[in-house]
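Number of protein chains: 2
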Amino acid sequence: MADGPKYREIAARLREVLKDPKRDPATPLDPERVLAETYNAAPTTVRKAISLLRAEGLVDVVHGSGVYLRAWKPILRDANARLSAQQWGEGKAIWESDLGDRLVTLASVAVQYEQAPEHIAHLLGTEDVLVRRRLYVVDKRPVQIAVSYLPAEIVRGSQIERRDPGPGGIYKRLAELGYAPESFVEDVRARTPSPDEQQTLRITAGHPVAEIVRRARTADGRTVEVNEMVLDGEAYIMQWSFTS
Amino acid sequence: MADGPKYREIAARLREVLKDPKRDPATPLDPERVLAETYNAAPTTVRKAISLLRAEGLVDVVHGSGVYLRAWKPILRDANARLSAQQWGEGKAIWESDLGDRLVTLASVAVQYEQAPEHIAHLLGTEDVLVRRRLYVVDKRPVQIAVSYLPAEIVRGSQIERRDPGPGGIYKRLAELGYAPESFVEDVRARTPSPDEQQTLRITAGHPVAEIVRRARTADGRTVEVNEMVLDGEAYIMQWSFTS
DNA sequence: AAGTGGTCTAGACCACCTT
DNA sequence: AGGTGGTCTAGACCACTTC
Chain A
173 MADGPKYREI
183 AARLREVLKD
193 PKRDPATPLD
203 PERVLAETYN
213 AAPTTVRKAI
223 SLLRAEGLVD
233 VVHGSGVYLR
243 AWKPILRDAN
253 ARLSAQQWGE
263 GKAIWESDLG
273 DRLVTLASVA
283 VQYEQAPEHI
293 AHLLGTEDVL
303 VRRRLYVVDK
313 RPVQIAVSYL
323 PAEIVRGSQI
333 ERRDPGPGGI
343 YKRLAELGYA
353 PESFVEDVRA
363 RTPSPDEQQT
373 LRITAGHPVA
383 EIVRRARTAD
393 GRTVEVNEMV
403 LDGEAYIMQW
413 SFTS
Chain B
173 MADGPKYREI
183 AARLREVLKD
193 PKRDPATPLD
203 PERVLAETYN
213 AAPTTVRKAI
223 SLLRAEGLVD
233 VVHGSGVYLR
243 AWKPILRDAN
253 ARLSAQQWGE
263 GKAIWESDLG
273 DRLVTLASVA
283 VQYEQAPEHI
293 AHLLGTEDVL
303 VRRRLYVVDK
313 RPVQIAVSYL
323 PAEIVRGSQI
333 ERRDPGPGGI
343 YKRLAELGYA
353 PESFVEDVRA
363 RTPSPDEQQT
373 LRITAGHPVA
383 EIVRRARTAD
393 GRTVEVNEMV
403 LDGEAYIMQW
413 SFTS
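So the sequences go chain by chain: A and B. Mapping of the first sequence onto my numbering: residues 173 to 416, in sequence order. Mapping of the second sequence onto my numbering: residues 173 to 416, in sequence order.
What follows is the structure, encoded as structure tokens:
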């Protein structure tokens, strides 16, 4: 025990164990009770060490089963490429450009008309909105929650009401309706997940998420969509590019 | 105790207490031992509840003193505005555009020549680099670590070697040296802080940070700076804008 | 049924801040 | 010196997974 609290020391040892190339990456760590004996510590101290590794995204803990090394390379999210007119203009779903090696797929979609919360209504200029809630997964793992708000008066009766808005996605449909999105602003925060988000993304309170709020505006300055996204922080690298 | 584990229930109660407008925001919460009695729980259970509030950025915990409500509005970081040529071209330090109400100030600067780590050397095309390490604070609170790497062959002998690179900052100096940055790419991750970062930013392991790696390129495609930043996640809202 | 992680207890002692 | 949070112990019982 060189320095620092014992639980950090144990966490450091466990990191070494996990990174050992000779180890089978699929086998779980020893159970907590065994680790407690191995490192001559109380069970709660071992738990605290493991909670560190978990927050780092180094391991996945499965209740009733064990603690597993996470084999997980982050997904690249290139904001500019994803939203270039070329992408949606040519009939690609924007998410198809979001993959690295693995495929980001849509796990669920729910669409309905609602009263917008205050901060959304303020941006869109109306309380009557269509809400599109989606959940995206990679390798069966939920990685992103996305909720889009669109003015009801614009989208009512269009294909945007359907769960599958058709080729090119909702931006292509908006363009056809005469409201082509032209400029985007994305506000981003790194924060801890709410209890709901923890459950949906299957992460713990200490596991960071990125919240992205995107506003899409037409050339004449009307905001036609607000998209609130919550990403598993460890699962993504986000990228923006721009010129001076 | 409606639902969920007791520590979440206690955390929920404490959030209510903290948000009570009639409460003096400067007085700390009751000590852990008192809370344990109040909520009829063991001290460790109360601690777990408080660690939630802490990770959320709702409270600041001062060892030996108490648990205090954090009065803290996030700083807006507008990437595009900060890096427009107008900003640095006209002699403004880029950080002057980064303030909301409060002032983001430079707390320390260290400049020296070093061997670049592998991933940096790869981007800059050389191992000989000038490293500029800065720490930024708001209201005496550290909020950002920034480390810039620049090719030694370009900046040697210039004002960029000095702790104060002069009006307009290092981008203005680079422009004067014939290497005006023209395009930027920022890669962003939400993650947990390393032990070093925890100490420097005075945050805990569960408190999220945003890591931004920016590459600055000249018009002819040469990468002339790599800037690695680590931001206190709760302290910032980051903003990017772009067109389709 | 057996084994795993998740929660919780009821303390002890240490490190740090305030007075 | 006294009070605060930080670490740690040595268990108990519950919830979930696996066989």
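Don't be surprised by glycine CBs; every beta carbon is placed ideally from N, CA and C.
> Which residues, in chain order, does the segment 345-366 of chain B contribute to contact with chain A at a C-beta distance below 7 angstroms?
Replying inline: 353, 354, 355, 356, 357, 358, 359, 360, 361, 362, 363, 364
> Name the DSSP beta bridge partners of residue 252 (chain B), please?
Replying inline: Here the question's residue 252 (chain B) lines up with position 80 in the second sequence. DSSP output for residue 252 (chain B) lists no bridge partner at all.
> Could you give the residue range of the alpha helix (DSSP H) that holds residue 326 (chain A)?
Replying inline: Translated into positions along the first sequence, residue 326 (chain A) becomes position 154. Run containing residue 326 (chain A): 324-327, per the alpha helix (DSSP H) assignment.
>> Quick check on the burial criterion: 16 or more other C-beta atoms within 10 angstroms. Buried or exposed for residue 407 (chain A)?
In response: Residue mapping note: residue 407 (chain A) aligns to position 235 of the first sequence, counting from 1. Looking at its Cβ environment, which holds 16 or more other Cβ atoms inside 10 Å, residue 407 (chain A) is buried.
> Any idea what DSSP makes of residue 384 (chain B), helix, strand or coil?
Replying inline: Taking the first residue of the second sequence as 1, we reach residue 384 (chain B) at position 212. In the structure shown, residue 384 (chain B) sits in a strand (DSSP, three-state: E or B).
>> Check whether the segment 381-392 of chain A and the segment 345-363 of chain A are in contact - that is, three or more C-beta pairs closer than 8 angstroms.
In response: yes
> Is it buried or exposed for residue 378 (chain B), if we count other Cβ within 10 angstroms and need 16 for buried?
Replying inline: To locate residue 378 (chain B), count along the second sequence from 1; it is residue 206. Under this definition residue 378 (chain B) is a buried residue.
> Which bits of chain B does residue 418 (chain A) rub up against, with CB to CB less than 8 angstroms?
Replying inline: No answer is possible for residue 418 (chain A): the residues shown for chain A start at 173 and end at 416.
> Does residue 222 (chain B) come within less than 7 angstroms of chain A when only Cβ atoms are used?
Replying inline: Numbered from 1 along the second sequence, position 50 holds the residue referred to as residue 222 (chain B). Taking Cβ atoms only, chain A never reaches closer than 7 angstroms to residue 222 (chain B), which makes this a no.
>> Determine, for residue 378 (chain B), whether the minimum Cβ-Cβ distance to residues of chain A falls below 7 angstroms.
In response: Here residue 378 (chain B) refers to the residue found at position 206 of the second sequence. Output row for residue 378 (chain B): interface = yes.
> Using Cβ-Cβ distances below 7 angstroms, what residues of the segment 394-406 of chain A are close to chain B?
Replying inline: 405, 406
> Do the segment 287-305 of chain A and the segment 347-354 of chain A meet, that is, are 3 or more Cβ pairs less than 8 angstroms apart?
Replying inline: no
> For residue 282 (chain B), does the count of other Cβ atoms within 10 angstroms reach 16, so buried, or fall short, so exposed?
Replying inline: By one-based count along the second sequence, residue 282 (chain B) stands at place 110. It counts as exposed.
> Is the beta carbon of residue 183 (chain B) sitting closer than 7 angstroms to the one on residue 221 (chain B)?
Replying inline: Translated into the one-based positions of the second sequence, residue 183 (chain B) becomes position 11. Translated into the one-based positions of the second sequence, residue 221 (chain B) becomes position 49. Cβ distance < 7 angstroms, so residue 183 (chain B) and residue 221 (chain B) count as in contact.
> Taking C-beta to C-beta, are residue 279 (chain A) and residue 321 (chain A) nearer than 7 angstroms?
Replying inline: Taking the first sequence and counting its residues from 1, one reaches residue 279 (chain A) at position 107. Taking the first sequence and counting its residues from 1, one reaches residue 321 (chain A) at position 149. The answer is no: Cβ separation not under 7 angstroms.
> Do residue 298 (chain A) and residue 323 (chain A) have their C-beta atoms closer together than 7 angstroms?
Replying inline: Mapped onto the first sequence, residue 298 (chain A) falls at position 126. Mapped onto the first sequence, residue 323 (chain A) falls at position 151. Their beta carbons are under 7 angstroms apart, which means residue 298 (chain A) touches residue 323 (chain A) by this criterion.
>> In the DSSP assignment, the beta strand (DSSP E) including residue 286 (chain B) goes from what residue to what residue?
In response: The count along the second sequence starts at 1 and reaches residue 286 (chain B) at position 114. From DSSP, the beta strand (DSSP E) with residue 286 (chain B) extends over 277-287.
> Which runs of the alpha helix (DSSP H) spanning at least 4 residues fall entirely within the segment 182-219 of chain A, listed in chain order?
Replying inline: 204-210
> Which runs of the alpha helix (DSSP H), 4 residues or longer, sit entirely within the segment 329-368 of chain A?
Replying inline: 341-348
> Does the segment 391-405 of chain B come within contact of the segment 365-378 of chain B, defined as at least 3 CB pairs closer than 8 angstroms?
Replying inline: yes
> How big is the Cα-Cα spacing for residue 205 (chain B) and residue 194 (chain A)?
Replying inline: On the second sequence, residue 205 (chain B) is found 33 positions in, with the first residue counted as 1. On the first sequence, residue 194 (chain A) is found 22 positions in, with the first residue counted as 1. Taking the straight line from one Cα to the other gives about 47 angstroms.
> At least one CB of chain B closer than 7 angstroms to the CB of residue 409 (chain A): is that the case?
Replying inline: Residue mapping note: residue 409 (chain A) aligns to position 237 of the first sequence, counting from 1. With 7 angstroms as the cut-off, residue 409 (chain A) counts as an interface residue toward chain B.
> Within 7 angstroms (strictly less), CB to CB, does residue 299 (chain B) reach chain A?
Replying inline: The residue labelled residue 299 (chain B) in the question sits at position 127 within the second sequence. Output row for residue 299 (chain B): interface = no.
> Is residue 403 (chain B) helix, strand or coil by DSSP?
Replying inline: Walking along the second sequence from the start, residue 403 (chain B) turns up at place 231. It is a strand residue.
>> Checking 7 angstroms against the spacing of the C-beta atoms, do residue 354 (chain B) and residue 413 (chain A) come in under that value?
In response: As a position in the second sequence, residue 354 (chain B) is number 182, starting the count at 1. As a position in the first sequence, residue 413 (chain A) is number 241, starting the count at 1. No, the pair does not count as a contact, with Cβ atoms beyond the cut-off.
> Which term fits residue 228 (chain B), buried or exposed, when burial requires 16 or more other beta carbons within 10 angstroms of its beta carbon?
Replying inline: Residue mapping note: residue 228 (chain B) aligns to position 56 of the second sequence, counting from 1. Answer is buried; the Cβ neighbour count reaches 16.
>> Which same chain residues end up closer than 8 angstroms to residue 301 (chain B) when comparing Cβ atoms and leaving out the 5 residues on each side of it in sequence?
In response: The residue you call residue 301 (chain B) lines up with position 129 of the second sequence. So the list reads 285, 286, 287, 288, 292, 293, 321, 322, 323, 324, once near-sequence residues are dropped.
> If we ignore side chains and look at the alpha-carbon of each, how far apart do residue 434 (chain A) and residue 312 (chain A) end up?
Replying inline: Since the first residue of chain A shown is 173 and the last is 416, residue 434 (chain A) is not available in this structure.
> In chain B, which residues lie with their C-beta within 7 angstroms of the C-beta of residue 228 (chain A)?
Replying inline: Looking up residue 228 (chain A) in the first sequence gives position 56. The answer, in chain order, is 364.
>> Using 7 angstroms as the threshold, is the C-beta distance between residue 410 (chain B) and residue 305 (chain B) below it?
In response: For the purposes of this step, residue 410 (chain B) is taken as residue 238 along the second sequence, with counting starting at 1. For the purposes of this step, residue 305 (chain B) is taken as residue 133 along the second sequence, with counting starting at 1. The answer is no: Cβ separation not under 7 angstroms.
> Between residue 208 (chain B) and the rest of its own chain, which residues show a CB-CB distance below 7 angstroms, the 5 nearest in sequence each way excluded?
Replying inline: The count along the second sequence starts at 1 and reaches residue 208 (chain B) at position 36. The answer, listed in chain order, is 214, 215, 218.
> I think residue 399 (chain B) touches residue 318 (chain B), with their Cβ atoms under 8 angstroms apart; what is that distance to the nearest whole Å?
Replying inline: Position 227 of the second sequence holds residue 399 (chain B). Position 146 of the second sequence holds residue 318 (chain B). Confirmed, Cβ separation roughly 6 angstroms.
> Any beta-carbon of chain A closer than 7 angstroms to the one on residue 183 (chain B)?
Replying inline: What you label residue 183 (chain B) is simply residue 11 of the second sequence in a count that begins at 1. False, the Cβ-Cβ gap to chain A never drops below 7 angstroms.
> Looking only at its own chain, which residues have a Cβ that is under 7 angstroms from the Cβ of residue 234 (chain B), when we skip the five neighbours before and after it?
Replying inline: Looking up residue 234 (chain B) in the second sequence gives position 62. Excluding residues within five positions, the ones whose Cβ falls inside 7 angstroms are 240.
> Is there a Cβ from chain B that is less than 7 angstroms from the Cβ of residue 382 (chain A)?
Replying inline: As a first step, residue 382 (chain A) must be located in the first sequence, where it is residue number 210. With 7 angstroms as the cut-off, residue 382 (chain A) counts as an interface residue toward chain B.
>> On the DSSP bridge list, what partners appear for residue 310 (chain B)?
In response: Taking the second sequence and counting its residues from 1, the one referred to as residue 310 (chain B) is at position 138. Its beta-bridge partners are B:313.
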